[in-house]
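Heads up: the sequence shown begins at 1 in the UniProt record's numbering, then just goes up one per residue.
Each residue gets a CB set at the ideal place from its N, CA and C atoms; glycine is no exception.
These figures come from a predicted structure and were not determined experimentally.
In what follows, a structure is listed as structure tokens, so that the remarks can point back to it.
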Amino acid sequence: MASSSVQWQPQKINENLLSRTAVLYNSLTWYPTVYTGILFGCFESDQEVQEHPVTMLTKFEPGGFFELHGHPGGEEILVLDGTFKDEIGVHPPGTYMLNPEGFIHRPYSDEGCLTFVKLRQHGGKTRQQVRVNIFELPSQPGVIPEIQVKPIYEQIDYSEKVWIEQWQPGTSLSDVVETEVKEIFVIQGTWSDELGDYPLYSWVRYSPNCPYSPASKDGCLIYVKTYPADNTKRFIVGEDFQQVGEDKL
Numbered sequence: 001m002a003s004s005s006v007q008w009q010p011q012k013i014n015e016n017l018l019s020r021t022a023v024l025y026n027s028l029t030w031y032p033t034v035y036t037g038i039l040f041g042c043f044e045s046d047q048e049v050q051e052h053p054v055t056m057l058t059k060f061e062p063g064g065f066f067e068l069h070g071h072p073g074g075e076e077i078l079v080l081d082g083t084f085k086d087e088i089g090v091h092p093p094g095t096y097m098l099n100p101e102g103f104i105h106r107p108y109s110d111e112g113c114l115t116f117v118k119l120r121q122h123g124g125k126t127r128q129q130v131r132v133n134i135f136e137l138p139s140q141p142g143v144i145p146e147i148q149v150k151p152i153y154e155q156i157d158y159s160e161k162v163w164i165e166q167w168q169p170g171t172s173l174s175d176v177v178e179t180e181v182k183e184i185f186v187i188q189g190t191w192s193d194e195l196g197d198y199p200l201y202s203w204v205r206y207s208p209n210c211p212y213s214p215a216s217k218d219g220c221l222i223y224v225k226t227y228p229a230d231n232t233k234r235f236i237v238g239e240d241f242q243q244v245g246e247d248k249l
């Protein structure tokens, strides 16, 4: 992983949803931010779309914190390592949060933590808030017997679906084709396809109608998300949204 001495600035990174993309954890560039003890490692970003949606890893150094702020377009957070805290409580590894438009908080971490974050991709005033721990959720049988599923988010009138998959060792599929964009984030183990292997904290995005052959030699735990490639459906922020605090992303 590279470290940049230049602060994070809004920019285009893997913004084309019709392009198949894979980013390994060790290839990320870590950018310091204006917030105390906070660094960003970005998977995708596009400052020209509405309120600048981003998908990234956020690293809190011990004592790192954000100022009080809200979220145009909402946010998703998955705690990967360490302890993330805000006004709602203390969130250990495995905590998944979907905070909708209008939610306000001041996140911090005394010991430091690492989180997977998606910003400004969950607008809409009627969107439900979600706060669960993926390690405590019961598993459900998937369509493929070797894959267990844990649903996290699906809501009428919104296009996104989010769930967790547990792949057993030796699981492999051939010529999978999606009708929507599909994102994979590796939480444990290694996910693979015909183009390579994607170890811990890798992020992969498959475009619609793009065939691929996924597998996991030793088993893996992955975050999965699907949504339409049409950005007008993906990014929904109310015209009367009022930002709380200065938005410095």
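Compute the distance between the beta-carbons of residue i and residue j, then report whether it is under 8 Å.
i           : j      : result
LEU39       : LYS59  : yes
GLY82       : LEU114 : yes
residue 252 : GLY41  : Residue 252 falls outside the range modelled here, since the chain spans only 1 to 249, and no answer is possible.
ILE147      : ILE184 : no
GLU76       : ARG106 : no
VAL181      : ALA229 : yes
SER19       : SER216 : no
LEU80       : VAL130 : no
TYR35       : PHE84  : no
GLY112      : GLU67  : no
TYR158      : ARG127 : yes
PRO214      : ASP197 : no
Using DSSP bridges, identify the partner residues of residue i.
i      : result
PHE113 : Checking the sequence, you will find Cys at residue 113 rather than Phe. According to DSSP, CYS113 bridges with PHE60, GLY82.
LYS225 : VAL162, GLU183
THR36  : Note: THR36 sits in no beta bridge, so no partner.
PHE65  : TYR108
VAL54  : SER45, LEU119
GLU178 : GLU178 is not bridged to any residue.
GLY70  : ILE104
VAL23  : TRP203
SER172 : ALA215
TRP30  : SER3, GLY41
GLU75  : ASN99, LEU119
CYS220 : TRP167, GLY189
Roughly how many whole angstroms lie between the Cα atoms of residue i and residue j?
i           : j      : result
ASP46       : LEU173 : 32 Å
LYS12       : PHE43  : 10 Å
GLY245      : LYS225 : Residue placement at GLY245 is flagged as unreliable, the pLDDT there being 45, under the threshold of 50; the coordinate-derived value follows with that caveat. Those two C-alpha atoms are separated by around 29 Å.
PRO141      : VAL6   : 46 Å
THR33       : VAL186 : 25 Å
SER139      : VAL132 : 14 Å
SER4        : THR29  : 7 Å
LEU195      : LYS161 : 25 Å
TYR212      : ASN16  : 18 Å
LYS248      : PRO145 : Caution is warranted here: a pLDDT of 47 is assigned to LYS248, below 50, making its placement in the model unreliable, and the coordinate value is therefore given only provisionally. In a straight line, the C-alpha of LYS248 is about 45 Å away from that of PRO145.
PRO10       : VAL54  : 9 Å
GLY219      : THR171 : 7 Å
ILE164      : GLY63  : 30 Å
ALA2        : LEU24  : 12 Å
GLN188      : GLY102 : 32 Å
ASP110      : PHE116 : 18 Å
ASN14       : THR190 : 22 Å
VAL90       : ILE104 : 16 Å
SER27       : ILE156 : 37 Å
ASP175      : TRP8   : 38 Å
ASN209      : GLN166 : 24 Å
GLY37       : TYR108 : 9 Å
PHE135      : PRO100 : 22 Å
residue 253 : TYR31  : What is shown of the chain runs 1 to 249, which leaves residue 253 out entirely.
residue 311 : LYS118 : Outside the displayed range of the chain (1 to 249) lies residue 311, so it cannot be described from this structure.
Below 8 Å, can you find three or more Cβ-Cβ pairs linking the stretch 114-124 to the stretch 139-152? In short, these stretches do not touch, since the Cβ pair count stays below three.
Could you give the uninterrupted runs of the alpha helix (DSSP H) lying entirely in the stretch 180-207, keeping only those of 4 residues or more? List check, alpha helix (DSSP H) in window: nothing returned.
Between the stretch 93-111 and the stretch 195-210, do at least 3 Cβ pairs fall closer than 8 Å? Between the stretch 93-111 and the stretch 195-210, the count of C-beta pairs closer than 8 Å stays below three; the two stretches do not touch.
At which residue ranges does the stretch 81-167 contain complete alpha helix (DSSP H) runs of 4 or more residues, listed in the order of the chain? Taken in chain order, the stretch 81-167 contains no complete alpha helix (DSSP H) segment of 4 residues or longer.
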